[in-house]
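Student:
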Amino acid sequence: MADMVKLFVNGVEVEVEAGKNLIDAIGAVGIEIPHLCYHPALGADGNCRMCLVGIEDGRPPLVPACKTPAMAGMKVLLDAEHIRKIQRDVMELELINHPTDCPVCDQAGECRLQDYYMSYDRRQSRMTVPQVVKGKKMAFGCGVVHDQERCVLCGRCVRFCRQITKTGELGIINRSDDARVNIFPGRPLHNRYALNVVDLCPVGAMTSADFRFQQRVWFLKKSPGVCHGCARGCSITVDHNREKEQEARIYRLRPRHNPLVNGYFICDSGRMSYKAEEEGRLNEARHGRLARSVDQALLAVAEDLAQGGKITFILSPDSSLEQMVTIRALAEKLGATLSGFSDGWIIPGDGDDFLIRDDKAANRAGLELLGIDCSRTGFTAAVEAADLVVNCNNDLGRSLSAEELGQLFQSRRLISFASHRREIDNQAEIVIPVASWSEYAGSVINCQGILQHFPRAVVRNQPPMELVELIARLGSPLQSEADCWQELARLPGLPADPATIPTEGLQLNDNEAAHDQP
Amino acid sequence: MSARVKTIARRGASLQERLYLIEICKGMATSFGHFFRNLLDNSRLAVRHYPEVPPEIPVRWRGRHRLTNHPDGTMKCVACFMCQTNCPAHCITIEAGERLDGRAEKMPRRFQIDLLECIYCGYCVEACPLDAIRMDTGIYSVNGTRRDAFLLDLTALQAGQGAFPEDDYQKGGA
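Which chain is which? The protein sequence lines are A and B, in order. Position one of the first sequence corresponds to residue 3 (the numbering used here), numbered consecutively onward. Position one of the second sequence corresponds to residue 846 (the numbering used here), numbered consecutively onward.
(1) Can you check whether the C-beta of P974 (chain B) is within less than 7 Å of a C-beta belonging to chain A?
(2) With DSSP collapsed to three states, give me the class of T505 (chain A).
(3) Within the continuous alpha helix (DSSP H) that includes I88 (chain A), where are the two ends?
(4) Tell me which residue opens and which closes the alpha helix (DSSP H) that K335 (chain A) is part of.
(5) Let me know if A515 (chain A) comes out buried or exposed under the rule of 16 or more other beta-carbons within 10 Å of its beta-carbon.
(6) Assuming S341 (chain A) and D320 (chain A) form a contact by the criterion Cβ under 8 Å, report the distance between their Cβ atoms to the nearest whole angstrom.
(7) Closest by CA to S121 (chain A), which one among A:M93, A:G145 and A:A110?
(8) The alpha helix (DSSP H) that contains H879 (chain B), what's its start and end?
(9) Assign M6 (chain A) to buried or exposed, taking buried as 16 or more other Cβ atoms, counted over all protein chains shown, within 10 Å of its Cβ.
(10) On the DSSP letters alone, give me the boundaries of the beta strand (DSSP E) that S210 (chain A) sits inside.
(11) Would you mind sorting T938 (chain B) into buried or exposed? The rule is 16 or more other CB atoms within 10 Å of its CB.
(12) Quick one: measure Cβ to Cβ for L2 (chain A) and I88 (chain A), integer angstroms, because I've assumed they're closer than 8 Å.
(13) When burial is assigned at 16 or more other CB atoms within 10 Å of the CB, is A388 (chain A) buried or exposed?
(14) Does the beta-carbon of C2 (chain A) have 16 or more other beta-carbons within 10 angstroms, so that it is buried, or is it exposed?
(15) From P446 (chain A) to Y965 (chain B), what distance separates their C-alpha atoms?
(16) Give me, in chain order, the residues of the same chain whose beta-carbon lies closer than 6 Å to that of L961 (chain B); leave out the 5 immediate sequence neighbours on both sides.
(17) Who are the near neighbours of A858 (chain B) in its chain, counting only those whose CB is closer than 8 Å to its CB and skipping five residues on each side?
(18) So if DSSP puts F956 (chain B) in a beta bridge, which residue, or which two residues, is it bridged to?
(19) With contact counted as at least three CB pairs below 8 Å, one residue from each stretch, are the region 454-463 of chain A and the region 481-492 of chain A in contact?
(20) How many Å lie between C963 (chain B) and C969 (chain B) at the Cα?
(21) Quick check: L202 (chain A) and F162 (chain A), are their CB atoms within less than 7 Å of each other?
(22) Should the region 423-430 of chain A be called in touch with the region 291-300 of chain A, which here means at least 3 C-beta pairs below 8 Å?
(23) Can you tell me which of the three DSSP states Y253 (chain A) falls into?
(24) Along the chain, where does the alpha helix (DSSP H) that runs through I853 (chain B) open and close?
(25) Counting Cβ pairs, one atom from each stretch, are 3 or more of them under 8 Å apart for the region 492-506 of chain A and the region 251-263 of chain A?
(26) Nearest by alpha-carbon distance to G368 (chain A): which of A:S275, A:V154, A:L496 and A:F411 is it?
(27) Going by the DSSP bridge assignment, what does V391 (chain A) pair with across the sheet?
(28) Within the continuous alpha helix (DSSP H) that includes D241 (chain A), where are the two ends?
(29) Taking all protein chains shown into account, do 16 or more other C-beta atoms lie within 10 angstroms of the C-beta of W1 (chain A), making it buried, or fewer, making it exposed?
(30) Per DSSP, what are the beta-bridge partners of P435 (chain A) in this structure?
(31) Return the bridge partner residues of E19 (chain A) from the DSSP annotation.
(32) Taking contact to mean at least 3 C-beta pairs separated by less than 8 Å, is the region 929-937 of chain B in contact with the region 983-1003 of chain B?
(33) What residues in the region 900-928 of chain B bring their beta carbon closer than 9 Å to a beta carbon of chain A?
(34) Closer than 7 Å by C-beta to D518 (chain A): which residues in its own chain qualify, once you throw out the five before and the five after it? Chain order, please.
(35) Looking at A977 (chain B): is its Cβ nearer than 7 Å to the Cβ of L912 (chain B)?
(36) Does the CB of Q109 (chain A) have a neighbour CB from chain B at under 7 Å?
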């Protein structure tokens, strides 16, 4: 816990964290200081002048709150006519050349200019001269579309490219009302985090080509989630919606602030990973070559499992802890072996020192915690010894070539529970569709040993069965999620109730963080 | 506030009324009186001869919708979704796309109004920032034999014509 200091805002005493700047410190107790250029991850720049406040201790009349650290006894003045006038004047300046094309702007509904206009300005334009015409719909690369006319020149995107990605593709060129953000000629945005500038942009100057005109933001339902793109497990917000008479679908993923894991950002490939939640999904259960209902197929699976013989369950490293523990319980009951073999998820050298990891599996730490063997030798031995292999949504095609898989499963019976259509499932006797990560609630442990729980986000028109429920129907001793957590709570550091996991996650132990590969 | 109470005498208690037939005959006399009077002279009939004589539609009448165009024939709608957001019946479905006719950036790729769901409240017209949707076609009767016939698509909406002079609409329009 940081040191707390007492200061006065508009004459009212509040207790805030020491050392932070006034925007963050006072913002934490619910008093908003308007700002455009300041962003906690990018630091204070002080160029927008929207956050000017008065400090009643003999300083210059007004100071930028983003550059002023909170100190004990400070008397901050926000609610005064001369400060409101500054805010109105800054807004007027920003809006002089703003096209006010909110009807066609994707940012409308989450735009700082709109919000601040309603809160601090609300006046008619006094402009009588034509507005400065600048570039519109400029492709900046990496799926970023820039509109120079909407830009308020806060420089967040420029600072992001310089400070965070250290690639520096963006700059502000020219001066005064001709100033604009641009790329260097022939050098578009080229980094793996470029789409974060879309989130950073307080107005609609930076928009995403992928999300362009797809939805108005007020239609979107926002569910917290955890990215399953790599072992980092970034906190995200899943923006989804069901259009009238259509299938529910995800429209975009956005980073959700989590100081323990990803800060304010996510990588572009993680951001685009929502497409896999829709494309190539497996929708129909199959037994042999005949389409079956899920119930019929499940009965057949239960019969096969009851026949005895050597059974091997293959787990996916993307599965949630709940799924893993219930599969483990079923395997123990049936005397089956388990394997979490998933070497293909690891792409050596693909990770970087910021967020992206080599390991593309969301919950490998979970497999390790539950003591499930992930080795190739263990996998080969288990499969070769088995009469029946049950694949629980592991995309084996990522780890093994088609020939290797063909050889392995030629003389073995394979049952597959899969969220997506995969090559390997053609060899399976029974295939049952299951929910993918955006359609179930679960918990994953990331590469830093941080346990995060996420609720169910998307409910499809015909929701595929969740793996936990499916395994419960097959006779797992853990019949519900609560049962799973009772079992999980036996592991060191895990709580008995996922509801007690804080939103930013729970650091399980420091040892794993120390093992953190660069 | 003291309510104004008007006491009405309860009918039906006297012997003559309770005999029933006498009252029925009195009632029939009134009905047949009107019937024969109108049969002989229907000029004073207080009934509208619909559909032979169509009703007079005032400018502010909320009829079937249409999408308006700029003078050069391009669509005014920019797919801002205000009408869809404001629609209490959820009868409007819009799909937006890139604008291809040289005007601002966005236009509807699909614009569908389900007239079976529409309650003709006119909120879409009020919400539109660009006067792109109007209910001034003067079409007060929409009928069809199939459900699809009530789905107005982009072309049908654009083909609609205003039934009133522009000045009158601006003065008295919704």
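C-beta: ideal position from N, C-alpha, C; glycine also. In this text, all values refer to a predicted model and were calculated from it rather than measured experimentally.
Tutor: To lay it out plainly:
(1) For the purposes of this step, residue 974 (chain B) is taken as residue 129 along the second sequence, with counting starting at 1. For P974 (chain B), the nearest beta carbon of chain A is closer than 7 Å to its own beta carbon.
(2) Here residue 505 (chain A) refers to the residue found at position 503 when the first sequence is read from its first residue. DSSP places T505 (chain A) in coil when its eight states are reduced to three.
(3) To locate residue 88 (chain A), count along the first sequence from 1; it is residue 86. Counted as a single uninterrupted DSSP element, the alpha helix (DSSP H) harbouring I88 (chain A) occupies residues E83 to I98.
(4) In the first sequence, residue 335 (chain A) corresponds to position 333, counting from 1. Here the alpha helix (DSSP H) through K335 (chain A) covers L323 to L336.
(5) Translated into the one-based positions of the first sequence, residue 515 (chain A) becomes position 513. With a pLDDT of only 46 at A515 (chain A), under the threshold of 50, the placement of this residue in the model should not be trusted; the figure read from the coordinates follows. Counting C-beta atoms within 10 angstroms of its own C-beta, A515 (chain A) has fewer than 16 neighbours from the protein chains shown and is therefore classed as exposed.
(6) To locate residue 341 (chain A), count along the first sequence from 1; it is residue 339. To locate residue 320 (chain A), count along the first sequence from 1; it is residue 318. Between the beta-carbon of S341 (chain A) and that of D320 (chain A) there is about 15 Å, and that puts the pair past the 8 Å contact cut.
(7) As a working mapping, residue 121 (chain A) is identified with position 119 in the first sequence. When C-alpha distances from S121 (chain A) are compared across A:M93, A:G145 and A:A110, the shortest belongs to A:M93.
(8) Here residue 879 (chain B) is taken as the residue at index 34 of the second sequence, counted from 1. It spans L866 to L885 - the alpha helix (DSSP H) in which H879 (chain B) sits, taken as one unbroken run.
(9) Walking along the first sequence from the start, residue 6 (chain A) turns up at place 4. M6 (chain A) should be labelled exposed.
(10) Taking the first sequence and counting its residues from 1, the one referred to as residue 210 (chain A) is at position 208. Secondary structure note for S210 (chain A): its beta strand (DSSP E) is the uninterrupted segment M208 to S210.
(11) In the second sequence, the residue the question calls residue 938 (chain B) occupies position 93. Buried, because 16 or more other Cβ atoms sit within 10 Å of the Cβ of T938 (chain B).
(12) Nothing can be reported for residue 2 (chain A): it is not among the residues displayed for chain A, which extend from 3 to 520.
(13) Numbered from 1 along the first sequence, position 386 holds the residue referred to as residue 388 (chain A). The Cβ neighbour count for A388 (chain A), taken over all protein chains shown within 10 Å, is at least 16; the residue is labelled buried.
(14) A query on residue 2 (chain A) cannot be resolved here, the shown segment of chain A reaching from 3 to 520 and no further.
(15) Taking the first residue of the first sequence as position 1, residue 446 (chain A) is located at position 444. Taking the first residue of the second sequence as position 1, residue 965 (chain B) is located at position 120. Note on residue identity: the sequence assigns Val, not Pro, to residue 446 (chain A). Rounded to the nearest angstrom, the two C-alpha atoms are 50 Å apart.
(16) Translated into the one-based positions of the second sequence, residue 961 (chain B) becomes position 116. Only F995 meet the Cβ criterion.
(17) As a working note, residue 858 (chain B) is residue 13 in the second sequence. Spatial neighbours of A858 (chain B) in its own chain (CB-CB distance under 8 Å, excluding positions within 5 residues in sequence) are not present.
(18) Counting from 1 along the second sequence, the entry for residue 956 (chain B) is found at position 111. In the DSSP output, where bridge partners are listed per residue, F956 (chain B) has B:I939.
(19) Short answer: they don't touch.
(20) Here residue 963 (chain B) is taken as the residue at index 118 of the second sequence, counted from 1. Here residue 969 (chain B) is taken as the residue at index 124 of the second sequence, counted from 1. Answer to the nearest angstrom: the Cα atoms are 10 Å apart.
(21) One-based indexing of the first sequence puts residue 202 (chain A) at position 200. One-based indexing of the first sequence puts residue 162 (chain A) at position 160. Yes, Cβ-Cβ distance for L202 (chain A) and F162 (chain A) is below 7 Å.
(22) The region 423-430 of chain A makes no contact with the region 291-300 of chain A, as fewer than three CB pairs between them are under 8 Å.
(23) Position 251 of the first sequence, counted from the first residue, corresponds to residue 253 (chain A). Three-state DSSP puts Y253 (chain A) in a strand.
(24) Stepping through the second sequence from its first residue, residue 853 (chain B) is reached at position 8. Looking at the DSSP string, I853 (chain B) is not in any alpha helix (DSSP H), and its letter there is neither H nor E.
(25) Under the Cβ criterion (8 Å, minimum of three pairs), the region 492-506 of chain A counts as touching the region 251-263 of chain A.
(26) Looking up residue 368 (chain A) in the first sequence gives position 366. Measuring C-alpha to C-alpha distances from G368 (chain A) to each of A:S275, A:V154, A:L496 and A:F411 identifies A:L496 as the nearest.
(27) Locating residue 391 (chain A) in the first sequence gives position 389, where the first residue counts as 1. DSSP links V391 (chain A) through a beta bridge to A:T314 and A:L416.
(28) The residue given as residue 241 (chain A) occupies position 239 in the first sequence. Per DSSP, D241 (chain A) belongs to no alpha helix (DSSP H); it is in the beta strand (DSSP E), S237 to R244.
(29) One cannot answer for residue 1 (chain A) here, as it falls past the ends of chain A, which runs 3 to 520.
(30) Here residue 435 (chain A) refers to the residue found at position 433 of the first sequence. Answer is A:A420.
(31) Locating residue 19 (chain A) in the first sequence gives position 17, counting from the first residue. Within the DSSP bridge table, the entry for E19 (chain A) names A:M6 as partners.
(32) The answer is no - the region 983-1003 of chain B does not touch the region 929-937 of chain B, with fewer than three Cβ pairs under 8 Å.
(33) Residues passing the 9 Å Cβ filter: V923, A924, C925, F926 and M927.
(34) To locate residue 518 (chain A), count along the first sequence from 1; it is residue 516. At D518 (chain A) the pLDDT is 46, less than 50, meaning the model places this residue with poor confidence and gives no usable figure here.
(35) The residue you call residue 977 (chain B) lines up with position 132 of the second sequence. The residue you call residue 912 (chain B) lines up with position 67 of the second sequence. Cβ distance < 7 Å, so A977 (chain B) and L912 (chain B) count as in contact.
(36) Translated into the one-based positions of the first sequence, residue 109 (chain A) becomes position 107. For Q109 (chain A), the answer is no, since every Cβ of chain B falls outside 7 Å of its Cβ.
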